[in-house]
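K.L.:
Just so we're aligned: the sequence shown equals residues -15 to 343 in this note's numbering.
The beta-carbon is built from N, C-alpha and C at its ideal position, and this holds for glycine as well.
Please read these numbers as outputs of a predicted model, since none were measured by experiment.
Got a structure for you, written out below as structure tokens; questions coming shortly.
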Amino acid sequence: MKFGNLFCKFQFNKDLRKLNLLSSRLISNSVSEEVRVVVTGLGIVCPLGVGVNNVWGKLLGGYSNASSLTDAAYSDIPCKVAAFIPQGENDGELNLKMLFRPSDFKMHSFSAICALVAAKEAIVDAGWFPKSDKEHEYTGVAIGTGMIDLMDVANTWNRLKDKGYRGMSPYFVPRILSNIPAGHIAINYGFKGPNHAVSTACATGLHAIGDAYNFIRNKQASVMVCGSTEAVISPISIAGFARMRALSTNFNDKPLEASRPFDKDRDGFVMGEGAGVLVLENLAHARQRKAKIYAEVLGYGLSGDAHHITSPPEDGSGAYRCMKQALLQNNIDPKEIGYINAHATSTPLGDKIELKAIH
């Protein structure tokens, strides 16, 4: 298994748009602002809806959008719960007809569509629209995705069998490449800096953000649009994860209660879909353009436990090393930590081991 950990310093406020950077005493003033990295833009598409303010309010309210899988294709699969992005024309719903042309759906996977929507919100939120060649060249993209749309592969195979070579879409290969969401974002906005894709299972999004953080620290970019996207709920993916015994199966009749991390009755996770995107930039750049700043990234750690393809070691050593590495990057005292965004898979083994690593 792979792990990633990111440490940020921020000030909590119920109105997320009013978060302000804390004047951190954790990094020496002698450190150049060009290698200090801050968050200036946020964007999200997820089962709670579209848009940061909408999703933030529902998070604080404990809202869930898990639902039952009623299609006959799921009848033989023990897990019948998933969390879909709400689609429609209402506020907070993903309005595909308004945002995309019919021809776009031939070119884009749903994962790429989610990434584009989240990236647009983050870029607008950051107010970053480069004009000069240099600004374009020092703005990069790092977007990860865990797995391709397996139903797209299955459907393409069926068309190839039924219609032969002419049934194959010329967009099939680009649609399933893991780097294509980052590519589409770069093309849409003309970002010519580092263009990077990550695929490391559950650590994908954090690794993409951490890599973007390092691109800025290494002065390969001044601004990075980064995050991850995943939208692959299908009978194939649900069946595959169910065979691994990773999904919840005991709450099929109560989908809103199925996701219960660290609960004594937890029995697996609920598959969802969506994209989350941040805009990172060096502190000097952000201050120069008077950007609002949500947080400063103070450390990034990553590790592998070299133990098993799905299960972590029982002592939690892999996750522990990862967190320790992130804290040591700027000599952070663990007592400074006010919030931990846990992996929290809701699996009996995973949550127990993660808690041990945190302690």
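(1) Pick helix, strand or coil for His180, following the three-state DSSP scheme.
(2) Between the Cα of Ala96 and the Cα atoms of Thr129, Val19 and Phe113, which residue gives the shortest distance?
(3) Based on Cα-Cα distance, which residue from Met255, Ala57 and Asn172 lies nearest to Lys104?
(4) Taking 8 Å as the threshold (C-beta atoms), are Ile127 and Ala99 in contact?
(5) Looking at Ile164: is its Cβ nearer than 8 Å to the Cβ of Asp133?
(6) Once the 5 residues before and after Pro219 are set aside, which same chain residues still bring their CB inside 8 Å of it?
(7) Is the beta carbon of Ala192 sitting closer than 8 Å to the one on Ser212?
(8) If you draw a straight line from the alpha carbon of Glu338 to that of Pro154, how long is it in whole angstroms?
(9) Could you give the distance in angstroms between the alpha-carbon of Ser7 and the alpha-carbon of Gln204?
(10) Taking the alpha carbon of Met131 as the reference point, which residue from Lys147, Leu282, Ser243 and Phe94 has its own alpha carbon closest?
(11) Can you find the residues in the same chain that come closer than 8 Å, C-beta to C-beta, to Pro332, ignoring five residues on each side of it along the sequence?
(12) According to the Cβ coordinates, are Val216 and Ala66 closer than 8 Å?
(13) Round the Cβ separation of Val21 and Ile293 to the nearest angstrom and send it over; I've been treating them as touching at under 8 Å.
(14) Leu10 to Asn315, Cα distance in whole Å?
(15) Just the Cα atoms here: how many angstroms apart are Asn231 and Pro114?
(16) Give the straight-line distance between the Cα atoms of Leu83 and Ser206, rounded to the nearest whole angstrom.
(17) In chain order, what residues of the same chain lie with their CB nearer than 8 Å to the CB of His168, ignoring the 5 residues before and after it?
(18) Confirm, please, whether the CB-CB distance from Ala303 to Ala341 is below 8 Å.
(19) Quick check for students: name the residue ranges of the alpha helix (DSSP H) that lie wholly in the region 96 to 136, counting only runs of 4 or more.
P.N.:
The answer reads as follows:
(1) strand
(2) Thr129
(3) The candidate whose alpha carbon is nearest that of Lys104 is Asn172.
(4) Yes, these two residues count as a Cβ contact at 8 Å.
(5) no
(6) Asp55, Ala57, Tyr58, Ile61 and Met135
(7) Yes, the pair counts as a contact, with Cβ atoms nearer than the cut-off.
(8) 44 Å
(9) The predicted position of Ser7 is uncertain, since its pLDDT is 39 and thus under 50; a value taken from the coordinates is nonetheless stated next. Their Cα atoms are separated by approximately 26 Å.
(10) Phe94
(11) Arg250 and Asp251
(12) The beta carbons of Val216 and Ala66 sit no closer together than 8 Å.
(13) With a Cβ gap of about 33 Å, Val21 and Ile293 do not count as contacting.
(14) No answer about Leu10 holds up, because its pLDDT of 43 lies below 50 and its placement is not dependable.
(15) In the sequence as presented, Asn is not what sits at residue 231; that position holds Leu. Their Cα atoms are separated by approximately 43 Å.
(16) 29 Å
(17) His92, Ala96, Ala99 and Leu100
(18) yes
(19) 117 to 121
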